[in-house]
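Report on the following structure.
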Amino acid sequence: MVADYYTTSAEFYEMVAMRHVRTSAGPLKTALSGVRPAHGPVVEVGAGTGRITAVIAEALPTASIIATEPSTPMRAMLTSRVFGDADLRSRVTVLADPVQLLRLPDSISAVVIFGVVGHLTETERRLMWRRLSERLPTGAPIIVELMGTGTPRVVPPFRMLRETMGEQTYEWWTEAEPLRDDVMRWRTSWKIFRDGDLVRSTHDEYDWENLSLDRLAAEAGMNSRLISAAGVPGSPEIGMLIR
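The numbers in the UniProt record's numbering rise by one with no breaks, and the one at position 243 of the sequence shown is 243.
And the structure:
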């Protein structure tokens, strides 16, 4: 059974995604600049609410896109975004398959994987790399967001986000601790305040493996190139695996 990591927090995810895309759109467009869409669709693994899907579509205006998202509440927002935009509706196919069961065409032109690789086991990743790379042309990229902390370490609770909507204020808090080897256990909380009082909160946790770009390249048997390095909290570390 494939876990749904977003059921608890999906209602708040757009607040995170809106900020995330501000810092990731530029590096992603750079990484996609040499892609040849005629070879096949771009595959987006873990499309979330579709913000990155829209960036891919803007960067490659002739590309077809396969956007797969196994989380039902996240996919609902993805489908709404795609259906509400005439251009996206004509080019984006939304699938519910997790990457472990993803149906792929014989040829694809590029792959985008944001916010996913650390959830997968090494066995699942190696199978994914093989299935993707054998469908890519020489020189085509798999673009990966790493989202690690470098060396596993304790991350004290800190506030990642604070936004106001209507009469309520929303705060996103996160913390982490090493679990085993390179695996971190992350705990996140959303707190909703009204007139200064806490009126609701949600909590969830997930395990995430810290992975370097070099390690992913070794697993995939591909070359790699760093596109953007992580900086302040919320900024992405994005790399390319190149066929």
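Glycine included, every Cβ here is placed at the ideal spot set by N, Cα and C. On a predicted model such as this, the values are computed, not experimentally measured, just so you know.
{"Item": "Quick check on Met18: does DSSP put it in helix, strand or coil?", "Value": "helix"}
{"Item": "What's the C-alpha gap between Thr169 and Ser133?", "Value": "44 Å"}
{"Item": "How would you label Glu145, buried or exposed, when you count the other beta carbons within 10 angstroms and need 16 or more for buried?", "Value": "buried"}
{"Item": "For the beta strand (DSSP E) containing Arg225, list its first residue and its last residue.", "Value": "Asn223 to Ser228"}
{"Item": "Going by CA-CA distance only, name the one from Met128, Glu171, Pro236 and Val154 that's closest to residue 276.", "Value": "The first residue shown for the chain is 1 and the last is 243, placing residue 276 beyond what the model contains."}
{"Item": "Run the CB neighbour count on Pro152, radius 10 Å, all protein chains shown included, and call it buried at 16 or more, exposed below.", "Value": "buried"}
{"Item": "Can you give me the C-alpha to C-alpha distance between Ile227 and Arg243, rounded to a whole angstrom?", "Value": "16 Å"}
{"Item": "Examine the Cβ distances between the region 190 to 198 and the region 159 to 177 and report whether three or more of them are shorter than 8 Å.", "Value": "yes"}
{"Item": "For Met1, which three-state DSSP category applies?", "Value": "Because Met1 carries a pLDDT of 45, less than 50, the predicted location of this residue cannot be relied on, and the following value inherits that uncertainty. If DSSP states are grouped into helix, strand and coil, Met1 belongs with coil."}
{"Item": "If we call anything under 8 Å between Cβ atoms a contact, is Gly40 one with Ser107?", "Value": "yes"}
{"Item": "Who are the near neighbours of Thr30 in its chain, counting only those whose CB is closer than 8 Å to its CB and skipping five residues on each side?", "Value": "Ile227"}
{"Item": "Using a Cβ-Cβ cutoff of less than 8 Å, which residues in the same chain neighbour Met1 once the five nearest sequence positions on both sides are dropped?", "Value": "Reliability fails at Met1, whose pLDDT of 45 lies under 50, so the model's placement of it is uncertain and the value that follows must be treated cautiously. If we look at Met1 and ignore the five residues flanking it on each side, it has no Cβ neighbours."}
{"Item": "Report the rounded CA-to-CA distance for Gly196 versus Pro157, giving the unit in angstroms.", "Value": "20 Å"}
{"Item": "State the DSSP-derived secondary structure class of Pro27, mapped to helix, strand or coil.", "Value": "helix"}
{"Item": "Give me the Cβ distance between Thr202 and Ser71, rounded to the nearest whole Å; I'm assuming they're in contact under 8 Å.", "Value": "With 8 Å as the limit, Thr202 and Ser71 do not qualify as a contact, their Cβ atoms being about 15 Å apart."}
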